[in-house]
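This report refers to the structure that appears directly beneath it.
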Amino acid sequence: MFDCTPTQRASHCPTCDPGDLRQLSSHQNTMANAIRALSMDAVQAANSGHPGMPMGMADIATVLWRDFLRHNPEDPHWPARDRFVVSNGHGSMLLYALLHLSGYALSLDELRNFRQLHSKTPGHPENGITPGVETTTGPLGQGLANAVGMALAEFMLARRFNHGSHRVVDHYTYCFIGDGCLMEGISHEACSLAGSFGLDKLIVFYDDNGISIDGECADWFGDDTVGRFEAYGWRVIRNVDGHSQAEVQAAIENAREGTGQPTLIQCKTIIGWGAPNRQGTAKAHGEPLGDEEIQAARTELGWTHGPFEIPDDVYAAWDAREAGAQRQREWQAAFEAYRREHPEDAAEFERRMQGALPDHWAALVEQLVETGLAADKPLATRKASNAILDVLGPQMPELLGGSADLTPSNGTQWKGSSALRPTDPDGNYIHYGVREFGMSAMMNGMALHGGFIPYGGTFLTFSDYARNAVRMAALMRQRSIFVYTHDSIGLGEDGPTHQAVEHTAALRLIPQLDVWRPADLLESTVAWQSAIERADGPSALLFTRQNVDPLPHDADQVEAVRRGGYIAHEPEGEPEGLIIATGSEVPLALGAAKMLAEEGRAIRVVSMPCVERFMAQDADYREQVLPAAIRSRLAVEAGVSHYWRGFVGLDGDVLGVDRFGESAPASEVFALFGFDVDTVAQRMRALLG
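According to my numbering, the sequence shown holds residues 4 to 692 in order.
Okay, structure coming up:
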């Protein structure tokens, strides 16, 4: 056990007495030193990277992957595999070394090309780039939250599909974390929930080396970390020597016994272990060791092989392909037995894990569209969303909803659903508490795991808290659905702290994220349809608090709505100007066009519920909707105006909100900022001259 500072530990202080490094290293498994060697060499070749974590956690990883991890390198997507997440993703070479050595389709050349353009070994692990990488990590703490989401998905799927002795869902989620992950507040959000839900198939390894980029972090990270996790309801295995494979193995065996709690294994390690002049220091964290230090480390470790050279016997010891294929065959045989007894559940499990929508999906959409076309009363789009979920929820068990303590306001819980609680593990709705960031990153973990289409709600203004997880969903192209209500100054009395002004535009700046701001029930239906059908990325659905008049749709317009932007009103004769509007401002644009028509002016109104979808259309369609020849253009949206300048051009105008709001009833706030038919018409007249 270690009772000293990282610097004392690395210099073999008498308190710890770990012994002479060379003697100690001779007792280490050569498999772990292969990880260290590949990590040193790859970082040095790239002249960039983080060798310290891979060298410090190599023994932990060796024990886990050699003796416990259930996986098949030849099928990285096998649904029954254990999930392994490296939340401290700067140590990516640890994961790449593990994948290469154990037999995944990751060649030695890819390790040589670490951090180089178009390689499969980017600076931080990226899902979809490297076979075997479960999630994209790097922004610290989010991998840990992803792992909680994965463990929660396993927990809920097991309760749905396991019957008697048939345990088709029965795997672990393992996660490596460092001090940085625990400094980030998201670790509190996600781990508190993991303890509340009793996710005992979640095992987290804390690389407690006391070093971050700025040096020894005791002066700025003095938390009682293990006490904190015990307070969450976790089981904590304290003070495990992370360089003793025997202690690590005993800790994992203990963690897997199952006590109804997630487990944190506190692994005391030396960062950069094996590099005699750099270990235990910040120098080992985020920069190459240098040729001299690498040679010294090879000598200390007794590693006599050259750069990127792995002996055949080490490859043979690491190779997990045969054992993994055998485990998968055994699981598949068990699943076929399950299929014979529970054919419908087997088919449903396969459908959900493949991400396929149910056979009746088209009929559900048709039903909702018909309801939307028939709508004739004002309705807040958040209530429209709730009505849509009341139809979809009972028919789509993969829809896993929740809210960050705003369920009644967001309208995210459908009738008949029940909340997941320790006393009711069969619930299908999640109360995340006031944890927007943790909720969003956990949703990403659920989407990555498979079996669920997660959605979660909060106020639009709080999307700022969750923004980096939304960005990661977009980067990973995961089907996470972010529901944001109270989408503008229309929030009203809560005032500028809660009134979203810049948030819609800010979300639109995230690549690969579809942002929908629907105007009525039909557009809300299309938004939900699009988000659920979209398997290659996330969607943000923005809904109003205030009632909005339904638009005068016809059946022929539905397909145009799906294209993200369409002509909501066409005047008699050739249009001389056009108004682009979204959400609750579309009825204002329609009212202004009607007023101007009475004055003999021909104004087209374009509803733009999803700019991203509209811009993905071909040039001919975009020209049909927004003809270049019409230069008198007005954009109307109750948010910052800058975003719309590219649509209206130098000759156009934007009616927006370029300051923070006011605390007052919504109607008064809208009037203050000029969001009424008269003002819209006046701004359009000024453009027409």
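Idealized CB from N, CA, C, for every residue including glycine.
* For Q583, which option in G576, C613 and D681 has the closest C-alpha, if you only look at C-alpha atoms? -> The identity of residue 583 in the sequence shown is Ile, whereas the question assumes Gln. Taking only the C-alpha atoms, the option nearest I583 is C613.
* Asked: Is DSSP giving S270 helix, strand or coil here?
  -> Correcting the residue identity first, residue 270 is Cys in this sequence and not Ser. The answer is strand: DSSP assigns C270 an E or B state.
* Do you know how far the Cα of P142 is from the Cα of F179? -> 14 Å
* To do: List the endpoints of the continuous alpha helix (DSSP H) containing W276.
  => Premise fails: W276 is in no alpha helix (DSSP H) and is neither H nor E.
* Own chain partners of Q370 with C-beta closer than 7 Å, once the 5 adjacent residues on each side are dropped -> So the list reads V394, once near-sequence residues are dropped.
* Asked: Assuming E113 contacts S105 under a Cβ cut-off of 8 Å, what Cβ separation, rounded to an integer in Å, is found between them?
  -> At roughly 14 Å, the Cβ-Cβ gap does not stay under 8 Å, so E113 and S105 are not in contact.
* **Local Cβ density within 10 Å of G603, reported as buried at 16 or more and exposed below that** => exposed
* Sequence-distant residues of its chain with Cβ nearer than 8 Å to L554 (five each side left out) -> A522, D523, L525, E526, A571, V589, P590, L593 and S610
* To do: Note down the Cα distance separating V672 from A563, rounded to an integer number of angstroms.
  => 32 Å
* To the nearest angstrom, report how far apart Q269 and I240 are at their CA atoms. => 6 Å
* **Stretch-stretch touch, CB-based, cutoff 8 Å, three pairs: the stretch 429-441 with the stretch 385-394** => no
* In chain order, what residues of the same chain have a beta carbon less than 8 Å from the beta carbon of G642, not counting five sequence neighbours either side? -> S491, A503, V504, E505, H506, T507, A508, G659 and V660
* Kindly indicate which residue of N36, G146, A600 and G453 has the alpha-carbon position closest to the one of F311. => N36
* To do: Would you kindly check if the distance between the Cβ of G181 and the Cβ of P128 is under 9 Å?
  => Their beta carbons are not under 9 Å apart, which means P128 does not touch G181 by this criterion.
* Rounded C-alpha distance that separates G441 from A193 -> 5 Å
* Asked: According to the neighbour-count rule (16 or more other Cβ atoms, all chains shown, within 10 Å of its Cβ), is H489 buried or exposed?
  -> buried
* Check W417 in the structure and name its three-state DSSP category. => coil
* Asked: Would DSSP call E77 helix, strand or coil?
  -> coil
* Asked: Shortest alpha-carbon distance to R662 belongs to which of F650, D656 and L675?
  -> L675
* Asked: Helix, strand or coil for G594 per DSSP?
  -> Here G594 sits in helix by DSSP.
* Asked: What are the boundary residues of the alpha helix (DSSP H) that T682 is part of?
  -> V680 to L691 is the extent of the alpha helix (DSSP H) around T682.
* Along the chain, where does the alpha helix (DSSP H) that runs through S105 open and close? -> S95 to S105
* **For N389, three-class secondary structure by DSSP** => Of the three classes helix, strand and coil, the one that applies to N389 here is helix, per DSSP.
* Sheet register partners of L545 (DSSP bridge) -> Y487
* **Which residues DSSP lists as bridging C178, in chain order** => In DSSP, C178 forms a bridge with V88 and V207.
* Contact between the stretch 144-154 and the stretch 181-190: three or more CB pairs below 8 Å? -> Cβ pair count under 8 Å is three or more, so yes.
* Compute the Euclidean distance between the alpha carbons of A632 and G131, then round it to the nearest angstrom. => 43 Å
* Between S29 and the rest of its own chain, which residues show a CB-CB distance below 7 Å, the 5 nearest in sequence each way excluded? -> Confidence at S29 is low in this model, with a pLDDT of 40, below 50, so its placement is unreliable and the value that follows should be read with caution. Hits under 7 Å: G305.
* From the DSSP output, in three-state form, read off G152 for me. => helix
* Compute the Euclidean distance between the alpha carbons of R118 and P125, then round it to the nearest angstrom. => 5 Å
* Asked: In terms of residue numbering, what span does the beta strand (DSSP E) encompassing D539 cover?
  -> No beta strand (DSSP E) holds D539; DSSP gives it neither H nor E.
* Near G576, which residues of its chain fall below 8 Å by C-beta distance, leaving aside the five closest residues on each side in sequence? -> A605
* Which of helix, strand or coil DSSP assigns to H288 -> coil
* Range covered by the alpha helix (DSSP H) that runs through P346 -> Taken as a continuous stretch (DSSP letters only), the alpha helix (DSSP H) holding P346 covers P346 to Q357.
* L510 - partner residues in DSSP beta bridges -> Answer by DSSP bridge pairing: none, since L510 is not bridged.
* Asked: Ordered along the chain, which non-local residues of its own chain (more than five positions away) have a Cβ less than 6 Å from that of G567?
  -> C613, R616 and F617
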